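Peer 1:
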Amino acid sequence: MPERRRRERAVTGLSAVVGHRDVIARLRASRARGRLAPAYLLHGEDGIGKRTVAEAWTRLLQCRAPAGDPAEAEACGACVSCRHHAAGTHPDVFRLVPREEAATVAIDQIRELQAALPYQPLIASPRVVLIPDATLLRPDGANALLKTLEEPPAHALFIVMAPQRERLLPTIVSRCQAVRCSPPSQEAVIGHLTARLGLPAERARALFIQAQGRIGPAIQAASAPGEAAPPYEDVGAPSTIADAVRLLDLAQGIGKDQEALRGLLAWLTLWLRDVLAWRLTRDPDRVLHPDRRADLAWWADRLSTDDVLDLASGLHAVWTSVHRNLNPQLVAEAALLHIAQRVNAHPPRRQEIA
Numbered sequence: 009m010p011e012r013r014r015r016e017r018a019v020t021g022l023s024a025v026v027g028h029r030d031v032i033a034r035l036r037a038s039r040a041r042g043r044l045a046p047a048y049l050l051h052g053e054d055g056i057g058k059r060t061v062a063e064a065w066t067r068l069l070q071c072r073a074p075a076g077d078p079a080e081a082e083a084c085g086a087c088v089s090c091r092h093h094a095a096g097t098h099p100d101v102f103r104l105v106p107r108e109e110a111a112t113v114a115i116d117q118i119r120e121l122q123a124a125l126p127y128q129p130l131i132a133s134p135r136v137v138l139i140p141d142a143t144l145l146r147p148d149g150a151n152a153l154l155k156t157l158e159e160p161p162a163h164a165l166f167i168v169m170a171p172q173r174e175r176l177l178p179t180i181v182s183r184c185q186a187v188r189c190s191p192p193s194q195e196a197v198i199g200h201l202t203a204r205l206g207l208p209a210e211r212a213r214a215l216f217i218q219a220q221g222r223i224g225p226a227i228q229a230a231s232a233p234g235e236a237a238p239p240y241e242d243v244g245a246p247s248t249i250a251d252a253v254r255l256l257d258l259a260q261g262i263g264k265d266q267e268a269l270r271g272l273l274a275w276l277t278l279w280l281r282d283v284l285a286w287r288l289t290r291d292p293d294r295v296l297h298p299d300r301r302a303d304l305a306w307w308a309d310r311l312s313t314d315d316v317l318d319l320a321s322g323l324h325a326v327w328t329s330v331h332r333n334l335n336p337q338l339v340a341e342a343a344l345l346h347i348a349q350r351v352n353a354h355p356p357r358r359q360e361i362a
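Our numbering puts the sequence shown at residues 9 to 362.
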């Protein structure tokens, strides 16, 4: 059967979700008007809170006694539906995720869902199908799911999630009401880490950088405070960016790890953002790495504003192609050596002042 969460878990209401205010307002409004679509597609990069939004909205949709006015409604937390959510035993919630040690959702999981979904809700309507990452559906599974999306039961609602809508079958996207999810702001993430988790401001800022601005990985890293910083953060040191052998070693350490490559590209993007901010303002309050002002100044002395923007644009182009069947190590090598060539090609120059 599709996964049903069985262990007790902390419950997050929509108001407690970090960021996503516009998305949450839109979802609440559709519920308040009684005009729910049969399927929603929450799309946006991994780790930014899409599943947290989906789970919290599911609890509200199935709550028997929602609290507050419709525009600010929350699940009550006390009714039978809310209690089942908290215990992870809700019979009207289905989660399509890969089985343990599997990389994709199997076709028989789709068929089991199709057999179970037509039955009337046992506790709360609508019956909700959560698909945390629809890119993990195999082609046969995606085509099978499409048949259900084309003719869903009246009491069912699908919440499909994906990092990029372009990676899904166009026919699946067309059956969903697409909702774009953007990463929470730096202030929101750091504020959550300090106010809710009790972290010092500098530690929260470091985790924000390490997690590439994504709230999920930042919270996970907060539970392992002794974890070492990723080795690619050494790239900002002048001695590292000038050492081609060291850069190749860093790329070799990435190997075939797509997530490590994403981490490198995201960190490089944030670093270049800081280089540009330092070049234009020399204000430590405007950078994410205030403790590395000497390194930022070294880079800013060697790159023009156009250089930084050009390098950042190149990283963005690489980022958008990461999901393709590319060798992460070779991509990392090319990115690092290209940046090193640009940085080391110029003697120090006078900084621009905004």
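All C-beta atoms in this analysis are idealised placements derived from N, C-alpha and C, irrespective of residue type, glycine included. Here the structure is a predicted model, which is why all the values come from computation and not from measurement.
#1: To the nearest angstrom, how far is it from the Cα of Leu-153 to the Cα of Ser-190?
#2: Please say whether Leu-49 and Val-168 have beta carbons closer to each other than 8 Å?
#3: Taking the alpha carbon of Leu-296 as the reference point, which residue from Asp-30, Val-25 and Glu-195 has its own alpha carbon closest?
#4: Taking its Cβ as the centre, do 16 or more other Cβ atoms sit within 10 Å of Gln-128, making it buried, or is it exposed?
#5: What are the complete beta strand (DSSP E) segments, minimum 3 residues, inside the segment 10 to 60?
#6: Pull up the DSSP beta-bridge partners for Phe-102, would you.
#7: Excluding the five sequence neighbours on either side, which residues of its own chain have a C-beta within less than 8 Å of the C-beta of Thr-313, listed in chain order?
#8: Rounded C-beta distance between Leu-22 and Leu-68? I'm assuming under 8 Å.
#9: Three or more C-beta pairs under 8 Å: does that hold for the segment 177 to 184 against the segment 44 to 59?
#10: In three-state terms, what does DSSP make of Gln-128?
#11: Rounded to the nearest angstrom, what separates Thr-202 and Pro-74 at their Cα positions?
#12: Ends of the beta strand (DSSP E) at Arg-188?
#13: Roughly how many angstroms lie between the CA atoms of Cys-376 and Pro-160, to the nearest whole one?
#14: With DSSP as the reference, label Leu-296 as helix, strand or coil.
#15: Skipping 5 residues on each side, what residues in its chain have a beta carbon closer than 7 Å to that of Asp-303?
#16: For the alpha helix (DSSP H) holding Val-168, just list the boundary residues, first then last.
#17: What does a CB cutoff of less than 6 Å around Ala-55 pick up in its chain, not counting 5 residues either side in sequence?
#18: Going by Cα to Cα distance, which pick from Ala-94, Ala-250, Leu-176 and Asp-148 is closest to Val-113?
#19: What is the DSSP secondary structure of Ala-110, counted as helix, strand or coil?
#20: Check whether the segment 27 to 36 touches the segment 97 to 105, taking contact to mean three or more Cβ pairs, one atom from each stretch, closer than 8 Å.
#21: Could you spell out the range, first to last residue, of the alpha helix (DSSP H) harbouring Leu-344?
#22: Between the C-alpha atoms of Ile-249 and Arg-175, what's the straight-line distance to the nearest angstrom?
#23: Give me the Cβ distance between Ala-40 and Pro-78, rounded to the nearest whole Å; I'm assuming they're in contact under 8 Å.
#24: Under 8 Å by Cβ, that's how I've got Thr-66 and Val-25 pegged, so tell me the actual separation to the nearest angstrom.
#25: Among residues of its own chain, excluding the 5 on either side of Ala-348, which ones have a beta-carbon nearer than 8 Å to its beta-carbon?
#26: Tell me which residues share the same chain as Gly-262 and place their Cβ nearer than 7 Å to its Cβ, disregarding the 5 neighbours each side in the sequence.
#27: Under a three-way DSSP split, which group does Ala-245 fall into?
#28: DSSP on Ile-361, reduced to helix/strand/coil?
Peer 2: Reading it off the structure:
#1: Sequence index remark: in the sequence shown, residue 153 carries index 145 (1-based). Sequence index remark: in the sequence shown, residue 190 carries index 182 (1-based). Rounded to the nearest angstrom, the two C-alpha atoms are 26 Å apart.
#2: Here residue 168 refers to the residue found at position 160 of the sequence shown. Here residue 49 refers to the residue found at position 41 of the sequence shown. A contact, by the Cβ cut-off of 8 Å.
#3: Locating residue 296 in the sequence shown gives position 288, counting from the first residue. It is Glu-195 whose Cα lies nearest to the Cα of Leu-296.
#4: In the sequence shown, residue 128 corresponds to position 120, counting from 1. Exposed, because fewer than 16 other Cβ atoms sit within 10 Å of the Cβ of Gln-128.
#5: 47 to 51
#6: Looking up residue 102 in the sequence shown gives position 94. Its beta-bridge partners are Val-137.
#7: Taking the sequence shown and counting its residues from 1, one reaches residue 313 at position 305. Excluding sequence neighbours, Thr-313 sits near Leu-284, Arg-287, Leu-288 and Glu-360.
#8: In the sequence shown, counting from the first residue as 1, residue 22 sits at position 14. In the sequence shown, counting from the first residue as 1, residue 68 sits at position 60. 6 Å between Cβ atoms; contact.
#9: yes
#10: Counting from one through the sequence shown, the residue named residue 128 turns up at place 120. Three-state DSSP puts Gln-128 in coil, outside helix and strand.
#11: Taking the sequence shown and counting its residues from 1, the one referred to as residue 202 is at position 194. Taking the sequence shown and counting its residues from 1, the one referred to as residue 74 is at position 66. Approximately 30 Å between the Cα atoms of the pair.
#12: Within the sequence shown, residue 188 is the residue found at index 180, counting from 1. Taken as a continuous stretch (DSSP letters only), the beta strand (DSSP E) holding Arg-188 covers 185 to 188.
#13: One cannot answer for residue 376 here, as it falls past the ends of the chain, which runs 9 to 362.
#14: Against the sequence shown, residue 296 aligns to sequence position 288. In the structure shown, Leu-296 sits in coil (DSSP, three-state: anything other than H, G, I, E or B).
#15: In the sequence shown, counting from the first residue as 1, residue 303 sits at position 295. Excluding residues within five positions, the ones whose Cβ falls inside 7 Å are Gly-244, Ala-245 and Pro-246.
#16: Mapped onto the sequence shown, residue 168 falls at position 160. Looking at the DSSP string, Val-168 is not in any alpha helix (DSSP H); the run it does join, the beta strand (DSSP E), is 164 to 170.
#17: One-based indexing of the sequence shown puts residue 55 at position 47. Per the sequence shown, residue 55 should be read as Gly rather than Ala. Cβ neighbours of Gly-55 beyond the five flanking positions: Arg-222, Gly-224 and Pro-225.
#18: Indexing the sequence shown from 1 puts residue 113 at position 105. The candidate whose alpha carbon is nearest that of Val-113 is Asp-148.
#19: One-based indexing of the sequence shown puts residue 110 at position 102. Coil, per DSSP.
#20: no
#21: Position 336 of the sequence shown holds residue 344. Taken as a continuous stretch (DSSP letters only), the alpha helix (DSSP H) holding Leu-344 covers 336 to 352.
#22: Here residue 249 corresponds to residue number 241 of the sequence shown, with the count starting at 1. Here residue 175 corresponds to residue number 167 of the sequence shown, with the count starting at 1. Distance between the alpha carbons of Ile-249 and Arg-175 is about 34 Å.
#23: If you number the sequence shown from 1, residue 40 lands on position 32. If you number the sequence shown from 1, residue 78 lands on position 70. Correct: roughly 3 Å between the Cβ atoms.
#24: For the purposes of this step, residue 66 is taken as residue 58 along the sequence shown, with counting starting at 1. For the purposes of this step, residue 25 is taken as residue 17 along the sequence shown, with counting starting at 1. No, Thr-66 and Val-25 are not in contact; Cβ-Cβ is about 13 Å, not under 8 Å.
#25: The residue you call residue 348 lines up with position 340 of the sequence shown. Only Ile-249, Ala-250, Ala-252 and Leu-255 meet the Cβ criterion.
#26: Locating residue 262 in the sequence shown gives position 254, where the first residue counts as 1. It should be noted that the sequence gives Ile, not Gly, for residue 262. Within the same chain, Ile-262 has close Cβ partners Ala-268, Leu-269, Leu-272, Pro-336, Gln-337 and Ala-340.
#27: Within the sequence shown, the letter at position 237 stands for residue 245. DSSP places Ala-245 in coil when its eight states are reduced to three.
#28: To locate residue 361, count along the sequence shown from 1; it is residue 353. Because Ile-361 carries a pLDDT of 43, less than 50, the predicted location of this residue cannot be relied on, and no value is offered for it.
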